[in-house]
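Remarks on the structure that follows.
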Amino acid sequence: MQIELYIIFIICMSHLFQNYSEYERTMFMSAYETITNLEAWEFLKHYNPPENNGFKLESTPEITRIIDEIIKAYGNHSGGSMSRTMHMMQQIAKNNLYENPIS
Numbered sequence: 004m005q006i007e008l009y010i011i012f013i014i015c016m017s018h019l020f021q022n023y024s025e026y027e028r029t030m031f032m033s034a035y036e037t038i039t040n041l042e043a044w045e046f047l048k049h050y051n052p053p054e055n056n057g058f059k060l061e062s063t064p065e066i067t068r069i070i071d072e073i074i075k076a077y078g079n080h081s082g083g084s085m086s087r088t089m090h091m092m093q094q095i096a097k098n099n100l101y102e103n104p105i106s
């Protein structure tokens with residue numbers, strides 16, 4: 004059962020990130036899976052990072068927890084790639100794409 008759910012997850016995520024390079028797809032899929040496991044989509048949906056700092060310098064405990072877990076799961080992030088990833092995940096959250104990624 005768990006393998007079947009993982010296959011469905013991969014298919015859904017591939018659809019969301021199909022226009023990106025393989026490197027970016029892997030990076031985004033890892034973050035998506037991490038945020039899903041943390042059950043943090045609703046928080047991210049309603050969160051707005053500070054204008055002058057964005058996600059790079061954010062110290063809100065929940066954002067720090069999300070970023071730390073994304074780093075543990077993927078590991079190859081620079082400050083720029085993490086910022087890009089977090090902005091992508093925030094767009095997914097704000098547009099409710101985490102609820103039904105195939106639509």
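The working numbering runs 3 ahead of the 1-based position in the sequence shown. Backbone N, C-alpha and C fix where the C-beta goes; we use that ideal spot for every residue, glycine too.
Next on the checklist: Taking 7 Å as the cut-off, is the beta-carbon of Thr29 closer than that to any non-hydrogen atom of the ligand PLP?
Outcome noted: Questions concerning the ligand PLP fall outside what the structure shown contains, since it holds no ligand whatsoever.
Item to check | Buried or exposed (CB count within 10 angstroms, at least 16 for buried), Thr88 | outcome: Position 85 of the sequence shown, counted from the first residue, corresponds to residue 88. Taking all protein chains shown into account, Thr88 has 16 or more neighbouring C-beta atoms within 10 Å of its C-beta and is therefore buried.
Item to check | Pick from Ser62, Pro64, Met85, Asn99 that is closest to Glu27, judged by C-alpha positions | outcome: As a first step, residue 27 must be located in the sequence shown, where it is residue number 24. Closest by alpha carbon: Met85.
Checklist entry - How about Trp44 and Ala96: do their beta carbons lie closer than 8 Å? => result To locate residue 44, count along the sequence shown from 1; it is residue 41. To locate residue 96, count along the sequence shown from 1; it is residue 93. Cβ distance < 8 Å, so Trp44 and Ala96 count as in contact.
Checklist entry - Are Ser24 and Ile73 close, meaning C-beta to C-beta below 8 Å? => result What you label residue 24 is simply residue 21 of the sequence shown in a count that begins at 1. What you label residue 73 is simply residue 70 of the sequence shown in a count that begins at 1. By the CB criterion at 8 Å, Ser24 and Ile73 fall outside the cutoff.
Checklist entry - Exposed or buried, which one is Thr39 when buried takes at least 16 other CB atoms within 10 Å? => result Position 36 of the sequence shown holds residue 39. Exposed, because fewer than 16 other Cβ atoms sit within 10 Å of the Cβ of Thr39.
Item to check | Pro52 to Thr37 span [Cα, whole Å] | outcome: Along the sequence shown, read from residue 1 onward, the residue named residue 52 stands at position 49. Along the sequence shown, read from residue 1 onward, the residue named residue 37 stands at position 34. Taking the straight line from one Cα to the other gives about 19 Å.
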